[in-house]
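Engineer: Position 87 (the sequence shown) corresponds to 87 in full-length UniProt numbering; numbering is contiguous.
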Amino acid sequence: MKKVGLFSIIAFVLGIIITFFGIKSCEKKSYTEDSRVIAYQINKMNKMVVAEQSLSEIYTHTSKKSLPGLESLYSADKKVTMLVNGKVQASYDLSKMEVELDSINKKIVIKSIPPVDLKVYPDVDFYDMDQSVFNKFEKNELNEIKKRGIAKMEEKIDRNKLKSEAHQQLIQNLTDIYQIAKIYGWEIEDNTIYATELKQLFY
Numbered sequence: 001m002k003k004v005g006l007f008s009i010i011a012f013v014l015g016i017i018i019t020f021f022g023i024k025s026c027e028k029k030s031y032t033e034d035s036r037v038i039a040y041q042i043n044k045m046n047k048m049v050v051a052e053q054s055l056s057e058i059y060t061h062t063s064k065k066s067l068p069g070l071e072s073l074y075s076a077d078k079k080v081t082m083l084v085n086g087k088v089q090a091s092y093d094l095s096k097m098e099v100e101l102d103s104i105n106k107k108i109v110i111k112s113i114p115p116v117d118l119k120v121y122p123d124v125d126f127y128d129m130d131q132s133v134f135n136k137f138e139k140n141e142l143n144e145i146k147k148r149g150i151a152k153m154e155e156k157i158d159r160n161k162l163k164s165e166a167h168q169q170l171i172q173n174l175t176d177i178y179q180i181a182k183i184y185g186w187e188i189e190d191n192t193i194y195a196t197e198l199k200q201l202f203y
């Protein structure tokens, strides 16, 4: 009887130990799964094109060549007209975002987010060119005219508006991280300039 009682006690203790480690194992697995989900969500964002603007500009260049004192009698004229289309994109390269996942303490530490990047993608089409035998366009000259046309088009870019739209879209996309953290019971330590704005949405 004593042996039976001793075996029962040992079995009971072993059951508690197995249950304890089983729970711990499941918790660790749960943290790992949480970490994977959050890491996937961050990686999925990667490079975000958050705002875009299209522009169009007709640029005309004219020049004359004549002999000194004979301008009123004769001049060799040339003229070129080109259409400059442009697409401006505002994007965040979130592959450069510094984030640490502390799966043991269930904490996400957002250290930094890269600044918005504005890039212009111009497309130039020369659709009208008139030149004389004595005054022709050279390749280098056309390249310079092309650069001036692109610069003229870029003057129309509303950079402040693009940056504002990009900021709003970034906040909207970053809320995905906050939402997932809230669902899984993770804490977010946000050390970026967006922390106050994001926390107001969730706390």
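Virtual Cβ for every residue (Gly too), placed ideally from N, Cα, C.
Around the Cβ of P201, are there at least 16 other Cβ atoms within 10 angstroms (buried) or fewer (exposed)?
Structural biologist: Strictly speaking, residue 201 in this sequence is Leu, with Pro absent from that position. By the neighbour-count criterion, in which 16 or more other beta carbons inside 10 Å mark a residue as buried, L201 falls on the exposed side.
Engineer: Counting along the chain, where does the beta strand (DSSP E) carrying L198 start and finish?
Structural biologist: L198 -> not in any beta strand (DSSP E); alpha helix (DSSP H) instead, spanning A195 to F202.
Engineer: For I180, name the three-state secondary structure that DSSP assigns.
Structural biologist: helix
Engineer: With C-beta atoms as the reference, is P114 less than 9 Å away from L94?
Structural biologist: yes
Engineer: For I145, which of helix, strand or coil comes out of DSSP?
Structural biologist: helix
Engineer: Taking the C-alpha atoms as reference points, what is the distance between residue 204 and D190?
Structural biologist: In the structure as shown, the chain begins at 1 and stops at 203. Residue 204 is therefore absent and cannot be evaluated.
Engineer: Going straight from the alpha carbon of D77 to that of V50, what length do you get?
Structural biologist: Their backbone Cα atoms lie some 46 Å apart in a straight line.
Engineer: Nearest to E187 by alpha carbon, out of I177, K163 and T196?
Structural biologist: I177
Engineer: What is the DSSP secondary structure of T62, reduced to helix, strand or coil?
Structural biologist: strand
Engineer: What three-state label does DSSP hand N85 in the structure shown?
Structural biologist: strand
Engineer: Does K24 come out as helix, strand or coil in the three-state DSSP assignment?
Structural biologist: For K24, the predicted model reports a pLDDT of 46, less than 50, meaning its position is unreliable; a value from the coordinates is still stated below. The answer is helix: DSSP assigns K24 an H, G or I state.
Engineer: Suppose you measure from the CA of S164 to the CA of K87; what does that come to, to the nearest Å?
Structural biologist: 17 Å
Engineer: Pick helix, strand or coil for E155, following the three-state DSSP scheme.
Structural biologist: Correct three-state label for E155: coil.
Engineer: Would you give the residue range spanned by the beta strand (DSSP E) that I188 belongs to?
Structural biologist: E187 to D190
Engineer: Taking contact to mean 3 or more Cβ pairs, one atom from each stretch, closer than 8 Å, check whether the stretch 116–132 and the stretch 143–160 are in contact.
Structural biologist: By the Cβ rule, the stretch 116–132 counts as touching the stretch 143–160, because three or more pairs are nearer than 8 Å.
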